[in-house]
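Throughout the sequence shown, residue numbering follows the UniProt record's numbering, covering 1 to 182 in sequence.
Quick reminder that beta carbons are idealized off the backbone N, C-alpha and C, glycines included.
Below you'll find the structure, written out as structure tokens, and then a few comments.
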Amino acid sequence: MSVPPVPPNPFAPPGPGGPPAASQPAQAPYPASPGWGGQTQPISQWNQPAPAGQPAYVGQPPPRGGRGLAITAIVLSSLALLGVLGLGGFLVVGMVSGAGMPYALNGSITVVDKGVQGPDLEAELRRIVEDDGGFVDQVECPQRSQVGQGLVTVCHGSVDGYDWTGVVVFEDDDGSFILTEY
1 MSVPPVPPNP FAPPGPGGPP AASQPAQAPY PASPGWGGQT QPISQWNQPA
51 PAGQPAYVGQ PPPRGGRGLA ITAIVLSSLA LLGVLGLGGF LVVGMVSGAG
101 MPYALNGSIT VVDKGVQGPD LEAELRRIVE DDGGFVDQVE CPQRSQVGQG
151 LVTVCHGSVD GYDWTGVVVF EDDDGSFILT EY
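What follows is the structure, encoded as structure tokens:
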């Protein structure tokens with residue numbers, strides 16, 4: 001089979017790199033390149049069918065697609081999706097059950113000499129927790145607690161049959177406080 005002639009490039013500079021003279025036979029514009037089997041084939045043979053009874057790729061198996069990377073990407077994406085769904089489910093269950101989450105209530109107590117007596121604070125905490133729907137088995141607070149902005153008193157006891165800790169944070173000198181239950 002013959003190679004079709006290459007038309008001269010009208011934009012090429014004249015001279016040795018310019019268009020071929022009309023008397024020269026046309027040649028392939030590219031050098032011969034190795035084929036799949038490592039043999040050097042002229043360009044004219046690249047698109048030719050393989051001879052009968054001979055495989056299309058001589059000396060090597062046909063090239064395979066890179067499926068390993070695609071499979072790995074699918075597996076890792078699936079694991080990431082399962083992780084996100086699991087974390088979301090964990091957060092939803094935790095929020096619905098409220099287990100282990102602190103709970104805050106507001107209250108106020110009468111202040112005497114810049115402090116409160118333990119039994120008075122215990123009675124107020126019992127009232128606040130029971131008004132919120134809990135059943136207080138027992139509450140124990142320190143005998144006397146100072147009252148002032150940011151001062152803290154910790155009380156312990158049992159509410160609804162579970163161990164209970166109440167952290168009382170006084171907001172001002174007048175006895176307003178926030179009770180955080182654990």
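| Check | Outcome |
| --- | --- |
| Candidates I178, L81, V167 and R144: which alpha carbon is nearest V112's? | R144 |
| By the 10 Å Cβ neighbour count, where 16 or more other Cβ atoms means buried, how is G175 classified, buried or exposed? | buried |
| May I ask you to report which of helix, strand or coil DSSP gives L79? | helix |
| I need the DSSP call for G161, collapsed to helix, strand or coil. | coil |
| Measuring alpha carbon to alpha carbon, tell me which of D173, G157 and V92 ends up nearest V167. | G157 |
| Note down, in chain order, each residue of its chain lying with its Cβ closer than 8 Å to the Cβ of F11, except the 5 sequence neighbours on either side. | none |
| Let's see if you can read the secondary structure: which residues bound the beta strand (DSSP E) around D137? | V136 to E140 |
| Answer with buried or exposed for E181, where buried requires no fewer than 16 other C-beta atoms within 10 angstroms of its C-beta. | buried |
| What is the rounded straight-line gap between the Cα of R126 and the Cα of G148? | 21 Å |
| Nearest CA to the CA of F177: which residue from L85, L69, L105 and V84? | L105 |
| Report all residues from its chain with a CB closer than 6 Å to the CB of T165; omit the five preceding and five following residues, and keep chain order. | H156 and Y182 |
| Grab me the residues of E171's own chain with a C-beta within less than 7 Å of its C-beta, minus the 5 sequence neighbours each way, in chain order. | Q149, F177 and I178 |
| Express the C-alpha separation of V169 and D163 in angstroms, rounding to a whole number. | 20 Å |
| Exposed or buried, what is E130 when buried is set at 16 or more other beta-carbons lying within 10 Å of its beta-carbon? | exposed |
| In whole angstroms, give me the CA-to-CA distance for T153 and E122. | 11 Å |
| What are the start and end residues of the beta strand (DSSP E) that includes I178? | S176 to E181 |
| Check each candidate in L91, A70, D160 and L82 and name the one with the smallest Cα separation from G134. | D160 |
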